[in-house]
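All you need for my numbering is the position in the sequence shown, starting with 1, plus 69.
Structure, as structure tokens:
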Amino acid sequence: MPRLSTLLDEIDSGTVLLPEFQRGYVWNRDQVRGLMRSLYRSYPVGGLLMWETATSEIAVRGEITSGGVRQLLLDGQQRVTSLYGVVRGTPPPFFEGDPSAFTGLYFNVESEVFEFYRPMVMAEDPCWVSVTQLFREGLKPFFTAFTDHAEKASTYLDRLNTLSQILQREFNVEKITGSDKSVDEVVDIFNRVNSGGTKLSKGDLALASLCAQWPPARQEMRDHLAVWKKAGFDFTLDWLLRNATAVARGRALFTALSNVKADEFERALTSSVAHIGTFLDAASGRLGLDHDRVLMGRYAIPVVSRLLELNGGKFTDAAHRDKVLYWYVHSALWGRFGGSTETYLQQDYDTIRDSGVDGLIATLERIRGGRLEIRPHDFDGSTRGSRFYPLLYLLTRVKGARDFGSGLELRAELLGKLTSLQVHHIFPKALLRDRYDRNEINAIANFCFLTQATNLEIGKRAPEEYFAEVEAKNPGVLASQWIPTDPALWTVDRYPDFLAARRELLAEAAQSFLEELRSGSQRDEESLQPLAVTETEPDDPRTLQIQAMIAELRDLGFAEPEVDTEITDPTSGRFLSMAEAFWPDGLQHGVGDPVILELDPDEADLPRLEELGYKVFTSVDALLGFVNNFNEAAAGVPESTEPEELLKDVGDNTTALESEFGSRIRELYDRARREAGYNATHFISMVANIGPLATAKKLLASRTISDGFSELWERGRIDLTVEALVIEPTFETLFTDTELEVARHRLTQFGYTADTSVPKTSPSTRTSKKPATTKSTNVSPTSEKPEWNGQDWYVCLGEVNDSRNWDDARKYGFVSAGGGRWYSDTLKNLQVGDRVFVYVPKVGYVGAGTVAGSAAPADQATLEVDGKQVSFRSLDLVGPYTHEIDNPDPDEDYQEWIVPVVWERTVDRESALREAGLFANQNSACKLRDEHTLNRVTEFFGVTNLDRSAPSADIR
């Protein structure tokens, strides 16, 4: 077994190298501290796996000095890299990553704790010793270092000697030998032993084989990615390889590269880079899609690369280019490659070969039911993660949208090179937040783009105040931004109507432009020049909380997440989540499961996400708590003893003032639950574990605003936050000046002052039309239900455990429920002639129809198929429509009950109506009374909205 010193020398000599397919260094400082602590205490740290080979055909990273036998490090890279960095004080030759993770490690000879250098704590304390200096210079410089601690100097030197002996630690090394071992076999072994990390993908495997023939391949590809990143487009290595595979073989699977020679791949890579450049020039110059956030549907780009390869590397003419862009936009909007990516890519490659771009368009039309059409409800989404956010930006760039301030079109050549755009909330968030929920406030139809200067100038003014002013100054400027010109819609009370009217205008403009692209009738205008889009200053706690969390994780050495990202099912392409933050390769790149921060769990399909292997967090506090626990476990000890000292509760020495503060803290919890409908479970758990005062100090010490602060702000009850209590004069003496300043800053940042009482608009007055299960729970128990129109019903078609299936119901005309009377009894209330709107949980509203028969058990039910009554059980069904019950109650009815329905209109899951504010609950059937939902579903399905003012004689 080699010693650590020998391993490090072999790295220097070029004997130990890293295979090219290995990913970079991802450890953080706590993991380095934990490794050093384990070695110092002689704990096991695991063995290493090497591939011993004499061949020079394997692509490697490291200092290659001569031929002969090489040891390629397969398992243990993170540990070996950390130890090399700490001992040598510099990264190893094969290093890729952040060297700060192992730079500046110190050891405390008194406490035997490892920490990274902090000058305020360590500069004047001789007990803190540089670990790297110890390994470089040995013990001699420290013989006289502890003169102020003469009685302990011997102990300290013994401890340093123990630390220096880590170099003599032997590591168990298992070796893969044999000249018959191929790269593919070794990668397979690597994947099997790499249990703690992300497995190498098929793309990694293909690239590993190619690098064996053409070692510079990976670096060449990285260089191209770096050029695009500098231009504002962030692509991955797998994605570029996908394009190269399309060009080289016209195949979607990476295995198609197995027989591609190095020179052929080099040519394919060169061509694919050129094709991508041609497409990006067209997308930017013709559509205005000039930066990463708005470049939607990037898996449509390999299809364009294949098309250009077959077309001589260029578009035939401007009309051909526009038609390809027409297909590209629609493929992105409708999630063509959201699921089963390789299957759909291959279908489209084959279509290009046989029918060109016209065939691609025809395929999309067939999938979309005959016509590619943008409708108003398509703009119902919210946040910049929505698929239709890029379409709004596209329209702004190509249709001559004008700035409210200058009246100029938002074009770089008119505005100047130094001008940037910002997303402007037409109705300011501050104006809406007391009456509408987050998704309604951040609706796409409430966004427009303005210059930064104009956005700042307008600030938080109400549309009814500034619209007339900007229109008078620059006539036609509102219409250029698809703003309804009816002043009656410019008030907060009419905000939902404003959104509806603007969605109509946006849909009309989008449909018109896209049809012009398809027909080639639009004149070829001057190419659009890129414009910078800058972030606005956040003005709500949730945004600040997320930004601070990302910054904190970045400082801790974790990966940068994607933000406001749509997560779809990889099999079906179905929407699963709009993640506030998403780490597709784990919090540390290549280590662990993909991680999602989803702060609106009711809008996401959490069971499916977890089934797919995502680790989902539904609060920032929970995610940061997980990270802190992870780091403490990795380090083996708490990161620092100082915060614990700072937060230590006073126990039996609690003063009367501290006791009073504790009582008020618990009162805050009770009032938040009672008055604001917020149950702060994590907060009260902290209070129970470390005490009220320590809890307050810990919240103030965090750089990130807590979940509780954000939630209470959204409910208009910032007066119930810990920060508001802390600044009360009675309790100021319990806190430091720094803590008080943090509390005041957070409060004043969001409009709260010490004399602020309960907000003028309480949560119970908001007009958000979410169902009763949402946050706004202060509804009077005596409030009356809205009048029912006597006909419309909500039906929930749950697909839990695959017991029933919407495809069956849609094909044969029925709805069903079962598994117990609680589920089936409400369905039995449906009568012939009732109208039903069918909702699939986590999917949305998928169908509208009329009840055509009474409920019957599945074993006895019949349905009309092709004019004949057919037994339900004789149909070709996807779902079993049976229920396996553990310990069944003999008196319970577990049968599935079937109700025949004649459909007026249905859609597939991908086209479902799903948006914030629509009614939904767990009953299999109930009367649909919610006016907003009725308006939306009747509009969406194109059916008549009955007059609810007419009294109903129905007493069901």
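We put the CB at the ideal spot given by N, CA and C, even for glycine.
The model shown is predicted, which means the values in this text are computed figures rather than measured ones.
For residue i, three-class secondary structure by DSSP
i: Lys767; result: helix
i: Gln234; result: helix
i: Ile615; result: helix
i: Cys280; result: helix
i: Trp308; result: helix
i: Gly918; result: strand
i: Phe686; result: strand
i: Ile665; result: strand
i: Pro676; result: helix
i: Arg471; result: strand
i: Ser831; result: Residue placement at Ser831 cannot be trusted, given a pLDDT of 35 that sits under 50; the coordinates are not used to answer.
i: Ser111; result: coil
i: Val696; result: helix
i: Tyr747; result: coil
i: Lys897; result: coil
i: Tyr863; result: strand
i: Ile80; result: helix
i: Ile759; result: helix
i: Val316; result: helix
i: Val372; result: helix
Environment of residue i [buried if 16+ CB atoms lie within 10 Å]
i: Ser341; result: buried
i: Met189; result: exposed
i: Thr807; result: exposed
i: Ala704; result: buried
i: Gly1011; result: exposed
i: Trp559; result: buried
i: Phe211; result: buried
i: Leu73; result: buried
i: Glu711; result: Confidence in Glu711 is poor, its pLDDT being 40 and thus under 50, which makes the residue's placement too unreliable to answer from.
i: Asn515; result: buried
i: Thr834; result: In this prediction, Thr834 scores a pLDDT of 35, lower than 50, which makes its location untrustworthy; no coordinate-derived value is stated.
i: Thr324; result: exposed
i: Pro639; result: exposed
i: Val138; result: exposed
i: Thr314; result: buried
i: Ser646; result: buried
i: Gln657; result: buried
i: Thr520; result: buried
i: Asp960; result: exposed
Start and end residues, beta strand (DSSP E) containing residue i
i: Lys520; result: Note on residue identity: the sequence assigns Thr, not Lys, to residue 520. Looking at the DSSP string, the run of the beta strand (DSSP E) that includes Thr520 is 516-520.
i: Arg904; result: 904-909
i: Gly887; result: 883-887
i: Ile636; result: 631-637
i: Met647; result: 644-652
i: Pro88; result: 85-88
i: Ala994; result: 994-996
i: Met119; result: 117-122
i: Val976; result: Counting along the chain, Val976 falls outside any beta strand (DSSP E), and DSSP gives it neither H nor E.
Closer than 7 Å: residue i CB and nearest the ligand ZN heavy atom
i: Gly354; result: You won't find the ligand ZN in this model; it holds no ligand whatsoever.
Cβ distance (whole Å) where residue i is taken to contact residue j below 8 Å
i: Leu279; j: Phe334; result: 6 Å
i: Val920; j: Val907; result: No, Val920 and Val907 are not in contact; Cβ-Cβ is about 11 Å, not under 8 Å.
i: Leu310; j: Phe448; result: Not confirmed; about 35 Å, so no contact.
i: Asp566; j: Ser688; result: In fact, because the Cβ distance is near 34 Å, the residues do not count as touching under 8 Å.
i: Tyr395; j: Leu583; result: 6 Å
i: Arg1026; j: Leu464; result: Outside the shown range of the chain (70 to 1025) lies residue 1026, about which nothing can therefore be said.
i: Leu794; j: Arg733; result: 6 Å
Boundaries (first-last residue) of the alpha helix (DSSP H) holding residue i
i: Gln140; result: Where Gln140 is concerned, there is no enclosing alpha helix (DSSP H), although the beta strand (DSSP E) it sits in stretches over 139-144.
i: Pro188; result: 188-191
i: Thr931; result: Note, Thr931: premise wrong, no alpha helix (DSSP H); beta strand (DSSP E) at 931-934.
i: Glu573; result: 564-588
message: Extract the residue ranges of the beta strand (DSSP E) inside the stretch 777-825, only unbroken runs of 3 or more that lie entirely within it.
response: none
task: Tell me the start and end of each unbroken beta strand (DSSP E) in the stretch 936-972 that is at least 3 residues and wholly inside, in chain order.
output: 937-940
- request: Within the stretch 493-560, note down every full beta strand (DSSP E) run reaching 3 residues or more, in order along the chain.
  value: 516-520
4-residue-minimum alpha helix (DSSP H) runs that sit fully inside the stretch 162-219, ordered along the chain: 188-191, 200-206
- prompt: Which runs of the alpha helix (DSSP H) spanning at least 4 residues fall entirely within the stretch 383-460, listed in chain order?
  reply: 387-402, 410-436
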